[in-house]
Amino acid sequence: MSSCAVASSHGPDEGPDAGSDLHAVTGLLHAWSAGDASALDALFPIVYGELRQRAGRVLGRERPGHTLQPTALVHEAYLRLVDQKRVQWEGRSQFFAIAARVMRRVLVDHARARRAGKRGAGVQHVTLIDARHDIDAASSAQAADQAVDLLALDDALERLVAFD
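For the sequence shown, the positions run 3 to 166 when our numbering is used.
See below:
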């Protein structure tokens with residue numbers, strides 16, 4: 003979603019109090035930029051509903067059965083937004099554009115972690131030195147079972163290079 007799309011889409015702020023919410027958000031963003039931490043505490047309840055709606059729309063475009071829920075996405079994005087030290091908040095549109103980018107980063111990081119888990123996370127890695135040490139320490143019968151087959155290892159590495 004481009005920042006233009008983020009800026010132009012209106013959510014629950016279209017009601018009778020929309021103008022006051024817009025000004026409140028902008029004022030709180032300016033106060034937060036100026037270093038007022040309490041402004042962030044006041045800002046989050048005002049923008050939470052719209053952030054959650056946007057998170058729901060973003061997750062709706064993801065694969066079915068995604069393990070991340072809109073609430074978790076908003077909370078993770080919030081934690082990352084709080085760490086933004088160099089942003090000079092200009093207003094509501096900019097805030098939601100940056101929040102959308104942060105949510106995308108959360109989804110990318112989540113996908114990378116999930117992919118890494120499928121590629122052997124939690125597997126005990128053994129180096130050739132560890133295997134050699136184990137071989138030296140084991141009896142000759144056990145050594146045959148634990149020895150690293152270098153030809154098989156080389157073949158596996160060559161297939162990996164061809165694959166990726």
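Built from N, CA and C at the ideal position, the CB exists for glycine as well.
If you drop the 5 nearest sequence neighbours on each side, which residues of the same chain put their C-beta closer than 8 Å to that of R116? Taking the first residue of the sequence shown as position 1, residue 116 is located at position 114. Here the set comprises T69.
Once DSSP output is grouped into helix, strand and coil, what is the label at Q96? In the sequence shown, residue 96 corresponds to position 94, counting from 1. Three-state DSSP puts Q96 in a helix.
Between F98 and R161, what straight-line distance do the alpha-carbon atoms span, to the nearest angstrom? On the sequence shown, position 96 is the one that residue 98 refers to. On the sequence shown, position 159 is the one that residue 161 refers to. Going by the C-alpha atoms only, they are around 45 Å apart.
Just the Cα atoms here: how many angstroms apart are Y50 and V76? Reading the sequence shown from its first residue, position 48 is the one you call residue 50. Reading the sequence shown from its first residue, position 74 is the one you call residue 76. Cα-Cα distance, rounded: 8 Å.
Please report the distance separating the alpha-carbon of V110 from that of V60. To locate residue 110, count along the sequence shown from 1; it is residue 108. To locate residue 60, count along the sequence shown from 1; it is residue 58. Rounded to whole angstroms, V110 to V60 spans 12 Å at the Cα level.
Taking the straight line between their C-alpha atoms, what separation do you get for A79 and M105? For the purposes of this step, residue 79 is taken as residue 77 along the sequence shown, with counting starting at 1. For the purposes of this step, residue 105 is taken as residue 103 along the sequence shown, with counting starting at 1. Approximately 6 Å, taken between the alpha carbons.
Are the CB atoms of P72 and G58 nearer to each other than 8 Å? Walking along the sequence shown from the start, residue 72 turns up at place 70. Walking along the sequence shown from the start, residue 58 turns up at place 56. Contact: yes.
How is the alpha helix (DSSP H) around R82 delimited, first residue to last? Your numbering for residue 82 matches position 80 in the sequence shown. That run of the alpha helix (DSSP H) goes P72 to V84.
Does DSSP put R106 in a helix, a strand or coil? Position 104 of the sequence shown holds residue 106. In this structure, R106 counts as helix in the three-state DSSP scheme.
Alpha carbon of R65 to alpha carbon of A74, nearest angstrom: On the sequence shown, residue 65 is found 63 positions in, with the first residue counted as 1. On the sequence shown, residue 74 is found 72 positions in, with the first residue counted as 1. When rounded, the distance between both Cα atoms is 17 Å.
Could you tell me which of H112, R114, V84 and A113 sits nearest to I100, measuring between CA atoms? Stepping through the sequence shown from its first residue, residue 100 is reached at position 98. Closest option to I100, Cα to Cα, is V84.
For L30, which residues in the same chain have their Cβ closer than 6 Å to its Cβ, ignoring the five residues on either side in sequence? As a first step, residue 30 is located in the sequence shown; it is residue number 28 there, counting from the start. Correct list, in chain order: A41, A44 and L45.
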